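See below for the structure under consideration.
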Amino acid sequence: MSIDIEKYNSQHKPTWCPGCGNFAISMALKKALSELNIPPSQAFIAFDIGCNGNGADTVATYAFKGLHGRAVALASGAHLANRDFTTIAELGDGACFHEGLDHLINAVRSNYDITILIHNNQNFALTTGQATVETQKGKPMYALPGGKPEKEYNTNELILSLHPTFFAKGYSGDIQELTDIIKRGIKHKGCSVIEISQLCPSYNRECTPQWFTEHIVKISSLKNYSETSFDDAHNLIQKMIKEEKIYTGVIYENKNVKTFYENLPSRKSFTTELSEEVKEYNIKKILETFK
Ligand code: SF4
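Taking the numbering used here, I'd label the letters of the sequence shown as residues 1077 to 1367.
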């Protein structure tokens, strides 16, 4: 029995454009939480600035919308303070690979037990379509009518180079597959990075549902692919670059790496959680010294 999905909805309706992939990503996350029987009162989602960040108003879980690029840092801190919660970070490709890149690198390196959902719509959409690293070189964008001058870098190669313990790719046009990927990411003990190709009909018009249908291949269709082989993951990413395709599914999982908390020497002898050790102190006397 799963929890009624309606329980994850607040009374506010999303304000995304018709056809926006955020609707599907939000639905997939709620479905994943519901099917894993994680009640809204046991989930925390750190949202970023960006179109996806408006999702903070629409969920009945605990949620926080922080500064631009800081969703991963917020999620990492919240997770360490209270590990009883399922902790998710949601942010766009702009926030993740520009302002927040250092947080992504360090969350993966530290292996915090959180799930990071990267909404990749290939632009800063909230600010009406500015170029990100994911925008194709030469594509005219807001404030760049002559086309984006810088080259892109391959974010799949970047993520894999960090040796993540869980790395997957999904697509907002396939809610069922995305739900299954998010469920696996949440269940994984460690930092799960899930990059999601997201439809943005307002500012990434070239990448239509038809375009994605022609470019997406499911990893499950590959013969002899091993999710636990780093070499297979590396070769798959090179294949994506060569074929100009997007492979969706779990690219790599390593269950043999301890999480940051498990590696913390200062917590080794503790059987309690930090949240259970919070004590109340009367600070009235201290405050009086400032008068
Ligand atoms: Fe979605 Fe793009 Fe509209 Fe933002 S601008 S709400 S990402 S379709």
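All residues carry an ideal CB built from backbone N, CA and C; glycine is no exception.
Given the structure is predicted, the values throughout are model-derived calculations rather than measurements.
Assigned exposure category for residue i - 16 Cβ within 10 Å defines buried
i: residue 1309; result: buried
i: residue 1188; result: buried
i: residue 1354; result: exposed
i: residue 1259; result: buried
i: residue 1170; result: buried
i: residue 1321; result: exposed
i: residue 1173; result: buried
i: residue 1094; result: exposed
i: residue 1179; result: buried
i: residue 1107; result: buried
i: residue 1341; result: exposed
i: residue 1366; result: exposed
i: residue 1357; result: exposed
i: residue 1141; result: buried
i: residue 1035; result: Past the edges of the chain, shown from 1077 to 1367, lies residue 1035, and the structure says nothing about it.
i: residue 1128; result: buried
i: residue 1287; result: exposed
i: residue 1268; result: buried
i: residue 1146; result: buried
i: residue 1317; result: exposed
i: residue 1160; result: exposed
i: residue 1091; result: exposed
DSSP three-state assignment for residue i, whether helix, strand or coil
i: residue 1337; result: helix
i: residue 1352; result: helix
i: residue 1217; result: strand
i: residue 1326; result: strand
i: residue 1292; result: strand
i: residue 1211; result: coil
i: residue 1364; result: helix
i: residue 1256; result: helix
i: residue 1310; result: helix
i: residue 1287; result: helix
i: residue 1174; result: helix
i: residue 1103; result: helix
i: residue 1182; result: helix
i: residue 1155; result: helix
i: residue 1305; result: coil
i: residue 1282; result: coil
According to DSSP, residues forming a beta bridge with residue i
i: residue 1168; result: 1195
i: residue 1141; result: 1123
i: residue 1246; result: 1272
i: residue 1135; result: 1085
i: residue 1200; result: 1206
i: residue 1162; result: 1119
Below-8 Å beta-carbon distance, residue i vs any chain B residue
i: residue 1357; result: No chain B is present in this structure, which holds just one protein chain.
Worksheet entry | Inter-stretch contact at 8 Å, needing at least 3 Cβ pairs: the segment 1153-1164 / the segment 1209-1224 | Touching, no.
Fill in: Contact the segment 1210-1219 vs the segment 1259-1267: 3+ CB pairs below 8 Å
Between the segment 1210-1219 and the segment 1259-1267 there are fewer than three C-beta pairs closer than 8 Å, too few to call the two in contact.
Worksheet entry | Environment of the ligand SF4 in chain order, Cβ to heavy atom below 6 Å | Any heavy atom of the ligand SF4 within less than 6 Å of a residue's beta carbon puts that residue on the list, which reads 1092, 1093, 1096, 1098, 1127, 1197, 1201, 1276, 1277, 1278, 1279.
Worksheet item: Taking three-plus beta-carbon pairs below 8 Å as touching, is the segment 1083-1091 in contact with the segment 1228-1248?
Response: Touching, no.
Worksheet item: Is the segment 1097-1109 in contact with the segment 1232-1250, if contact means three or more CB pairs nearer than 8 Å?
Response: They touch, by the three-pair rule.
Worksheet item: Taking contact to mean at least 3 C-beta pairs separated by less than 8 Å, is the segment 1111-1119 in contact with the segment 1295-1313?
Response: As far as the Cβ criterion goes, the segment 1111-1119 does not touch the segment 1295-1313, which means the pair count is below three.
Item to complete: Assess, as a yes-or-no matter, whether the segment 1319-1337 is touched by the segment 1357-1365 under the definition of 3 or more beta carbon pairs within less than 8 Å.
Response: As far as the Cβ criterion goes, the segment 1357-1365 does not touch the segment 1319-1337, which means the pair count is below three.
Worksheet item: Counting pairs of Cβ atoms below 8 Å between the segment 1277-1285 and the segment 1130-1144, do you hit three or more?
Response: No, the segment 1277-1285 does not touch the segment 1130-1144.
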